[in-house]
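Taking the working numbering as reference, the numbering of the first sequence is continuous, increasing by one, and the terminal residue is 470.
Scroll down for the structure; my scribbles are underneath it.
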Amino acid sequence: MTNYELIMKLALERGFYFPSCEIYGDAQAGFWEYGPRGVSMKNKFIELWRRELVRRDGMLEIDGSQVMSKSVFVASGHIGNFTDPIIKCTKCNSTFRADRYISEKTGENVPERMPDEEIDQLIKKHELKCQNCKGDFGNVSRFNMMFRVGIGPAAEEAYLRPETCQTIFVDFARVFKTMRGKLPLGIAQIGKSFRNEIAPRQSLLRLREFYQAEIEVFCNPNKLDDLPRFEEVKNTVLNISDESSTVNQVTAEEAIQKGILPNKLVAYYLALLNEFYSKTGIDMKRTRFRRLSDEDKAFYASIAFDFEVETSIGWLELVACNYRSDYDLKGHSATSKQNLEVIDPSDQTKVLPHIFELSMGIDRSLYTILEHCYFQDFEHENRLVLKLKPYLAPILVGVLPLMTKDGLAAKAEGIYADLKQDYDTFLDESGSIGRRYRRLEEIGTPFAVTIDKTTMEDDTVTVRDRDSMQQKRIQISQLNNFLQGALKDS
RNA sequence: GCGACGGUCGUCCAGUUUGGUCUAGGACAUCAGAUUGCCAAUCUGGUAACCCGGGUUCAAAUCCCGGCUGUCGCACCA
């Protein structure tokens, strides 16, 4: 079994995630549910993101609508740029990109935005047939990766957002004003995005409905190297690969000096992101920031780095880091006829901010954490351990009476009742103690508190460490301190 | 979306070739009880599945058709 399959199995068996609508035969691919363990882990991941990025940098978090009006996507370019002309064979249903198919077969230059009627005429003129079955083509249709929704009785045209950041752009002016914004200003958002992928695959890695954690940093393009807080991260070591995939291991400061990174602002946020991921338990030796070539970049990006991680199924993109310049605010300003310029309080000049974004895929990040933390301990009956950081573990501590008689169960219930107010705690009284330890390890629970006969005499319990399997005895009254400490220093 | 190959308890697999003996079997997991009392022990008992919809047939897990879905390849991937 590959590691991907092992994680999939664990996810299904232990309630991390599973297919959506699975009791129905017509359930569509690309939709997945988080089960109880997955939700707990996701919430903790998000809390870490808030701690290490949002609060650390003083960003502002918003929570916007998933349905957005058509104009938003006219302005963003998603409607104009991202409807591909499609032709379908009427006989065998094979589907082709019309523009590419025609230019490939005839050598004619077919721009993507050529009107449908002209494309239809070209097909007639050259008498093009399906290359698979020689069948006739139907008329050109348009495939857009966005989900269209009809609002109200008249079904007014609107769309599910294909990226959460559009909300941030359209809300920028109000947030900046009402929150007394100063440049550079990070605005952050966690939420769902929707893309009608042609072929969603590999569970959490390619979804039609997925979570993003996006940070849009609004900055003054004339002051990209004017950033005092860069000092905090100048020695952070980054793995950066250039377009030839050579990886340079450099500090943030060196990266600027060597011209690998363009300015302090970009370097600062890449370093913050690096520090965030180093706290998730992902093996940072298997990560890189990959600079994208002009062909690979998104249409709105002028400089782009993908933060990638090596997994059992290859390098996986977790975060897209794009310098979007003024593309978005300019577009929204033009379409909405609103002036989105702001005064940079530092020098009282008027500026249309540029944007640098960190667009994170939460689902992919969670998968990667599971895979990098997955550990089979061959020295102990192949026990399966998820070595999750305590602050990401779905359950922090298990409470286990060694046996149920002699009042141990009642004692355990008391401790459980106390701990569960502050921590994700799991009480398990049935089965052998070894089996109960194993079950907790499988879902990454870092600690197990065991109540034994000594507990009844002196109010001490043993605390077992998941990774070392070592136990130490502490006072019940010290449990709270112990767990607090464990959450902090790991 | 195309092509190839698949879809059976929570998980993995047997059964499909040659329709009937399948009231669908096993392992692990899970639940209850007994026993033990610090690392997957043992015993007993239980829960639990033929992807969905049609068709052929006296009879379908098994054959046929359609759909959905999974893996892989191609294409796609703001």
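Cβ coordinates follow ideal geometry from the N, Cα and C atoms, glycine included.
Are there 16 or more other CB atoms within 10 angstroms of the CB of P426, so buried, or fewer, so exposed? P426 should be labelled buried.
Between which two residues does the alpha helix (DSSP H) holding G18 run? That run of the alpha helix (DSSP H) goes 16 to 29.
Whose C-beta lies closer than 7 Å to the C-beta of D37 among residues of the same chain, with five residues either side of it excluded? Residues of the same chain with a CB within less than 7 Å of the CB of D37, apart from the 5 flanking positions on each side, are G166, L252 in chain order.
Could you give the first and the last residue of the continuous alpha helix (DSSP H) run that contains Q169? Judged by DSSP secondary structure, Q169 falls outside any alpha helix (DSSP H) and instead within the beta strand (DSSP E) spanning 165 to 174.
Need the endpoints of the alpha helix (DSSP H) that G394 sits in, please. Element bounds for G394: 388 to 399.
Residue nearest to F336 in terms of C-alpha spacing, selected from E136, C301, K452: Here the closest residue by C-alpha is C301.
Is it buried or exposed, Y4, if we count other Cβ atoms within 10 angstroms and call 16 or more buried? Within 10 angstroms of the beta-carbon of Y4 lie fewer than 16 other beta-carbons, which makes it exposed.
Element boundaries [alpha helix (DSSP H), containing H312]: 307 to 316 is the extent of the alpha helix (DSSP H) around H312.
With a threshold of 8 Å, are at least 3 pairs of Cβ atoms found where one atom belongs to the stretch -17 to -8 and the other to the stretch 349 to 356? The answer is yes - the stretch 349 to 356 touches the stretch -17 to -8, with three or more Cβ pairs under 8 Å.
In or out: G378 buried (at least 16 other Cβ within 10 Å) or exposed? By the neighbour-count rule (16 or more Cβ atoms within 10 Å), G378 is buried.
For V331, collect the residues of the same chain with a Cβ closer than 6 Å to its Cβ; drop the 5 residues on either side in sequence, then sort them by chain order. Correct list, in chain order: N200, D324.
Beta bridge counterpart(s) of T471 as assigned by DSSP: Residue 471 is absent from the model: the chain starts at -19 and stops at 470.
As assigned by DSSP and simplified to three states, the class of L140: If DSSP states are grouped into helix, strand and coil, L140 belongs with the strands.
Does A(-9) pass the burial test, meaning 16 or more other C-beta atoms within 10 Å, or should it be called exposed? Within a 10 Å sphere around the beta-carbon of A(-9) sit 16 or more other beta-carbons, which makes this residue buried.
So for D343, helix, strand or coil by DSSP? DSSP places D343 within a helical segment (H, G or I) once states are collapsed to three.
Report the rounded CA-to-CA distance for M449 versus K391, giving the unit in angstroms. CA-to-CA, the gap between M449 and K391 works out to about 23 Å.
Residue nearest to D447 in terms of C-alpha spacing, selected from K468, E437, I423: The shortest C-alpha separation from D447 is found at I423.
Tell me which residues share the same chain as L309 and place their Cβ nearer than 6 Å to its Cβ, disregarding the 5 neighbours each side in the sequence. Cβ contact annotation for L309 (same chain, cutoff 6 Å, sequence separation greater than five): L320, L332, in chain order.
In this structure, what does DSSP give as the bridge partners for M48? In the DSSP output, where bridge partners are listed per residue, M48 has Y139.
Which of the three DSSP states is assigned to K265 in this structure? Helix, per DSSP.
Which residues bound the alpha helix (DSSP H) around I236? Boundaries of the alpha helix (DSSP H) around I236: 232 to 237.
Minimum C-alpha distance to A138 - residue among I59, S258, A373: Answer by Cα proximity: I59.
Less than 7 Å separating the beta-carbons of R444 and A466? Contact annotation: R444 and A466 have beta-carbon atoms that are not nearer than 7 Å.
Near R17, which residues of its chain fall below 7 Å by C-beta distance, leaving aside the five closest residues on each side in sequence? The residues are R(-6), G(-5), F(-4), P374, I423.
Is the CB-CB distance between F287 and L298 below 7 Å? Contact flag set, yes.
Thinking just about the alpha-carbon of each residue, which of K238, D439, V227, E234 is nearest to the one in K265? For K265, the closest C-alpha among the options K238, D439, V227, E234 is that of V227.
Terminal residues of the beta strand (DSSP E) in which V217 lies: Unbroken beta strand (DSSP E) run through V217: 217 to 221.
Among the residues of its own chain, which have a CB less than 6 Å from the CB of V19, if the five just before and after it don't count? Cβ neighbours of V19 beyond the five flanking positions: none.
To the nearest angstrom, report how far apart M94 and A168 are at their CA atoms. Whole-angstrom Cα-Cα distance: 37 Å.
Using the rule of at least 16 other Cβ atoms within 10 Å of the residue's Cβ for burial, across every protein chain shown, is F406 buried or exposed? Within 10 angstroms of the beta-carbon of F406 lie 16 or more other beta-carbons, which makes it buried.
Start and end residues, beta strand (DSSP E) containing Q356: Per DSSP, Q356 belongs to the beta strand (DSSP E) from 354 to 357.
Tell me whether G178 is buried or exposed, calling it buried when 16 or more other Cβ atoms sit within 10 Å of its Cβ. Note that residue 178 corresponds to Ile in the displayed sequence, not to Gly. I178 comes out exposed.
Within a Cβ cutoff of 8 Å, which residues of the same chain sit near L207, ignoring the five residues on either side of it in sequence? Hits under 8 Å: P164, K244, L245, Y248.
Apart from the five residues just before and just after L218, which ones in its own chain have a Cβ nearer than 7 Å to its Cβ? Hits under 7 Å: V230, A232, A235, L250, A251, N254, F269.
Cutting at 7 Å between CB atoms, please list the residues of its own chain near P242, excluding the five before and the five after it. Taking P242 as the centre and dropping the five residues before and after it, the same chain places the C-beta of I283 closer than 7 Å to its C-beta, in chain order.
Where Y371 and D402 are concerned, what is the direct C-alpha to C-alpha distance, given to the nearest angstrom? Distance between the alpha carbons of Y371 and D402: 13 Å.
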